[in-house]
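FYI, in our numbering the residues of the sequence shown are 759 to 1100. Even for Gly, the Cβ is constructed at its ideal location relative to N, Cα and C. In this text, all values refer to a predicted model and were calculated from it rather than measured experimentally. Data first, discussion second: the structure below is written as structure tokens.
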Amino acid sequence: MAREAGREIGSNLSQSSFFEKDISPLRDFKGQDIISAEQFDKKSVEILFHEVEGMEELLRAKARKSDLSGSILATLFYEPSTRTRLSFEVAMLRLGGGVVSESSVVFSSVTAGERIEDTIKVVGGYADVIALRDKKQGIAKQAALIADVPIINAGDGVGQHPTQSLIDLYTIQKELGRLDHLTITLFGDLKHGRTIHSLSYLLSLFPHIDLHFIAPEVLKLPEGITQYLTEKLIPFSQNYKLDKKAFSSDVIYTTRVQTERIKERLGPYSGTDTSICAHLDGDYRLPTDFCDKSSALIMHPLPRINEIPPEIDKHPKAAYFRQAHNGVPVRMALIKLVLQGN
Ligand code: NCD
759 MAREAGREIG SNLSQSSFFE KDISPLRDFK GQDIISAEQF DKKSVEILFH EVEGMEELLR
819 AKARKSDLSG SILATLFYEP STRTRLSFEV AMLRLGGGVV SESSVVFSSV TAGERIEDTI
879 KVVGGYADVI ALRDKKQGIA KQAALIADVP IINAGDGVGQ HPTQSLIDLY TIQKELGRLD
939 HLTITLFGDL KHGRTIHSLS YLLSLFPHID LHFIAPEVLK LPEGITQYLT EKLIPFSQNY
999 KLDKKAFSSD VIYTTRVQTE RIKERLGPYS GTDTSICAHL DGDYRLPTDF CDKSSALIMH
1059 PLPRINEIPP EIDKHPKAAY FRQAHNGVPV RMALIKLVLQ GN
């Protein structure tokens, strides 16, 4: 929100690190924007997960909480989405609130050349909270500076995707019963994967975490993130192909190659683009017999293209559909906290 964001977010931006420094972690969530993973520490994660458990109960009982009747969520999604937008909307509906949605830039005034600032100002007068997705990194923060209602970042280009990473963290906690003493392999397009960026930060909050990053040279984790992990003395390693450490990890978090972003950067007819994609197609997928060789929990933010063969889906360790379903209670908890406080 305008009155908060200037103070909370964006000051003291470090030139060298991907993550901003000196952001005070969320305590009272009421009226706050959710822009980046740096707003969370162990305590704010704990506050959120406590609320999520209540939401799980509500969902199990198929009850609808009427607390938020009269409140409206606007979802402004200027990049494709299925899970994120729908789970935000279902979350608000399950809380008893209402939803208005703009799900395509094609039908938006943005296409007519409207500045995002104007859109946000206007929609802020219609709704009580806005979930925003756009291809421009930093846009959620920009929107938060001028909005009169809380902004939730639902993915800003190759920047961050904090709500997905909170879902990922919640999934690990639910599936493995802990968030410490874990070796976690993050595998695929680590350069463009905004869920990876936010998740690396959140995981680094917990003790005895060992992060293992596997990506081709051209799609390696942004240097600012490895620099941050180094500064914080978080153990991590990097490789370009699946290795022993990946197979012996507690979690393997797979992501797709974000071809659309590579194309955008290199141009649609670039030979490099075609060769990168062809190369990745073969090398960056789990083998069909992965579960015979590893007991790792398999996660993926989805959409999956061919990183995980469908044969793996039925295995108890394949957690990606459960992970997607956790999106509803986690987003319910976030919306409730932002609108009503802890
Ligand atoms: C991801 C995203 O949009 O960043 N998906 C998601 O939100 N569940 C991952 C992706 O697009 O590959």
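- Message: Taking 8 Å as the cut-off, does the segment 945-955 touch the segment 822-837 (at least 3 CB pairs, one atom from each stretch)?
- Response: no
- Task: List in chain order the residues whose CB is within less than 7 Å of at least one heavy atom of ligand 2.
- Result: Ligand 2 is not part of this structure, which contains only ligand 1.
- Item | Residue from SER995, GLU837, GLU811, MET1090 whose Cα sits closest to the Cα of GLU860 | Taking the Cα of GLU860 as reference, the smallest distance to any Cα among SER995, GLU837, GLU811, MET1090 is reached at GLU837.
- Item | Nearest neighbour of VAL1015, chosen from ILE1063, ARG785, ILE874 [CA to CA] | ILE1063
- Taking the alpha-carbon positions, what's the GLN895 to ALA912 distance? 11 Å
- Item | Minimum length 3: unbroken beta strand (DSSP E) runs contained in the segment 889-952 | List check, beta strand (DSSP E) in window: 909-914, 940-945.
- Reference ARG818, options LYS1094, ARG852, VAL858, LYS879, closest by Cα: ARG852
- Message: I want to know whether the segment 1048-1067 touches the segment 804-822 - three or more CB-CB distances under 8 Å.
- Response: Contact fails: fewer than three Cβ-Cβ distances are below 8 Å.
- Would DSSP call PHE1005 helix, strand or coil? helix
- Message: Less than 8 Å between the beta carbons of LEU826 and GLY854, yes or no?
- Response: Yes; because the gap between Cβ atoms is below 8 Å, this pair is in contact.
- Message: One question on the structure: do GLY1085 and THR1012 come within less than 8 Å of each other, judged by their Cβ atoms?
- Response: Their beta carbons are not under 8 Å apart, which means GLY1085 does not touch THR1012 by this criterion.
- PHE777 and TYR986: beta carbons closer than 8 Å? Taking a C-beta distance under 8 Å as the contact criterion, PHE777 and TYR986 qualify as a contact pair.
- Does the separation of the CB atoms of GLN900 and SER956 fall below 8 Å? no
- Task: Could you name the residues of the same chain whose beta carbon sits closer than 8 Å to that of ARG843, not counting the 5 residues immediately before and after it, in chain order?
- Result: THR833, PHE835, SER859, SER861, ALA889, ARG891, ALA912
- Message: Give me, in chain order, the residues of the same chain whose beta-carbon lies closer than 7 Å to that of ARG1097; leave out the 5 immediate sequence neighbours on both sides.
- Response: The question names Arg, but residue 1097 is Leu in the sequence shown. Closer than 7 Å at Cβ, skipping near neighbours: LEU826, SER829, ASP886, VAL887.
- Task: Name the two residues that bound the continuous alpha helix (DSSP H) containing GLU975.
- Result: Taken as a continuous stretch (DSSP letters only), GLU975 belongs to no alpha helix (DSSP H), as it is neither H nor E.
- Message: Just to check my reading of the structure: LEU979 and LEU948 have Cβ atoms closer than 8 Å, yes? What is that Cβ distance to the nearest angstrom?
- Response: Rounded to whole angstroms, the Cβ separation of LEU979 and LEU948 is 4 Å, and the two are in contact under 8 Å.
- Message: Would ASP906 and GLY882 qualify as a contact pair, given that the criterion is a beta-carbon distance under 8 Å?
- Response: yes
- Message: Under DSSP, the alpha helix (DSSP H) around GLY856 begins and ends at which residues?
- Response: Segment 856-860 is the beta strand (DSSP E) holding GLY856; no alpha helix (DSSP H) there.
- Rounded straight-line distance, which links the Cα of THR929 to that of LYS1094: 20 Å
- On a CA-only basis, which of LYS1072, LYS1002, ASP1071, PRO1061 is nearest THR840? Give me that one, please. PRO1061
- Item | Spatial distance of GLY1099 from ARG785 (CA atoms) | 9 Å
- Query: Would a C-beta distance cut-off of 8 Å place ILE1070 and LEU1044 closer than the cut-off?
  - Reply: yes
- Could you spell out where the alpha helix (DSSP H) holding ILE983 opens and where it closes? 981-989
- Item | Runs of beta strand (DSSP E) lying entirely within the segment 1035-1075, each at least 3 residues, in chain order | 1055-1057
- Since THR842 is in the alpha helix (DSSP H), which residue starts that stretch and which ends it? 841-852
- Message: Let's test the definition: count the other Cβ atoms within 10 Å of the Cβ of TYR880 and tell me whether it reaches 16, buried, or not, exposed.
- Response: First, the residue type needs correcting, since residue 880 is Val and not Tyr in the sequence shown. So VAL880 counts as exposed.
- Task: Starting from the C-beta of LYS893, find all residues in its chain whose C-beta is less than 6 Å away, skip the five residues before and the five after it, and write them out in chain order.
- Result: GLU837, GLY915
- Message: Below 8 Å on the Cβ atoms is my contact criterion, and I expect LEU937 with PHE964 to pass it. Report the Cβ-Cβ distance as a whole number of Å.
- Response: About 5 Å separates the Cβ atoms of LEU937 and PHE964, confirming a contact at the 8 Å cut-off.
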